[in-house]
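Colleague: Everything in the sequence shown is counted per my numbering, starting at 3 for the first residue and increasing by one. C-beta: ideal position from N, C-alpha, C; glycine also. Since this is a predicted model, take the numbers as computed values, not measurements.
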Amino acid sequence: MPFFSTSGILLRKIEYGDYDLILVFLTKSKGKISVIAKNAKKSVKRFAGILEPFFMLDIVCKVGKGNLAVLCEADLINSYGKIRTDINKTAYASYWVEIISSRIEDGCQNSKLFDRLNHVLDVINKDCFLNKEVSILFLMKFLLLWGTVPLLEKCCVCGILVEKIKSNKIRFEIEEGGILCSRCTKVKIKKKSMIISKGTIKRLLWIKRSTLLKADRVCFPLLSLKESLFLLESFTGFYLGKEFKSLKFLNIIKR
Ligand SMILES: [Zn+2]
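Structure (structure tokens):
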């Protein structure tokens, strides 16, 4: 088939020569793809200002002789307008997009990832929840798809269930990938560990086990927000093996 069409969220826009743009999309049916938009820089009319990061578009592309498909048509589905006018929302969306851009291979088909990114962009755009809560949801759901997720149900060394751990403050050890009971803490403690409250673990477990819509119902008190974000951001950086520039920026603007 020389042509294909799909919905896609624009992750990155790269200038290519004097006239063209290379666009990286996360698409519904083809996973992450890179396409070339010829003359998009030169002609303002050609794509009418809709080739912008975070925009969701319906695209039609032609598979050419080169490595990159050529963008032929693009129609705007959702611009998630508030994200581009609010620096905090832009910073969060940039963080999620950087995670996907850097760790998902081109052509790796996963419509769930598209649905999850669409969901979190839509939710912060509509101001339904705090940006921090939405980021917790994105990180947990991304890690589940990635296949490496914090073990919160039980001690990652001896296996005692979290419900049976008596202390309300529980250690989470990044390199072990999960929580430690007080007995195992004494023998396994390493540098990359943190103390989190049992309430935070329960909320994170709810997010981990729920569908996207049910997960939205969980309410995070201030301490849980802080603990959850610190845990998931540290875990994501460690297991994806990358320091994200957009996360550094998020921390500079203090959210
Ligand atoms: Zn243990």
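#1: Examine ligand 1 and report whether any of its heavy atoms sits within less than 7 Å of the Cβ of Ile126.
#2: Lys188 by DSSP, collapsed to three states: which one?
#3: Once DSSP output is grouped into helix, strand and coil, what is the label at Thr29?
#4: So Gly179 and Cys158 are supposed to be a Cβ contact under 8 Å. How far apart are they, rounded?
#5: I want to check one thing, is the minimum distance from the CB of Val164 to the heavy atoms of ligand 1 below 7 Å?
#6: Taking just the CA atoms, how far does Arg205 sit from Thr213?
#7: With three or more C-beta pairs closer than 8 Å as the rule, is the region 57 to 65 touching the region 10 to 17?
#8: How about Phe116 and Leu28: are their beta carbons less than 8 Å apart?
#9: Could you tell me whether the region 42 to 51 touches the region 125 to 133, using the rule of 3 or more Cβ pairs below 8 Å?
#10: Is Leu214 helix, strand or coil when you go by DSSP?
#11: Taking only three categories from DSSP, how would you classify Ser81?
#12: Does ligand 1 have even one heavy atom less than 7 Å from the beta-carbon of Leu182?
#13: Does the beta-carbon of Arg173, which I'm using as the reference point, lie nearer than 7 Å to any heavy atom of ligand 1?
Modeller: Result, derived from the coordinates:
#1: no
#2: helix
#3: strand
#4: 6 Å
#5: It does not: the Cβ of Val164 is nowhere closer than 7 Å to a heavy atom of ligand 1.
#6: 14 Å
#7: Short answer: they touch.
#8: Yes.
#9: no
#10: helix
#11: coil
#12: Judged by the Cβ position, Leu182 qualifies as a neighbour of ligand 1 at the 7 Å threshold, a heavy atom of the ligand being closer than this.
#13: no
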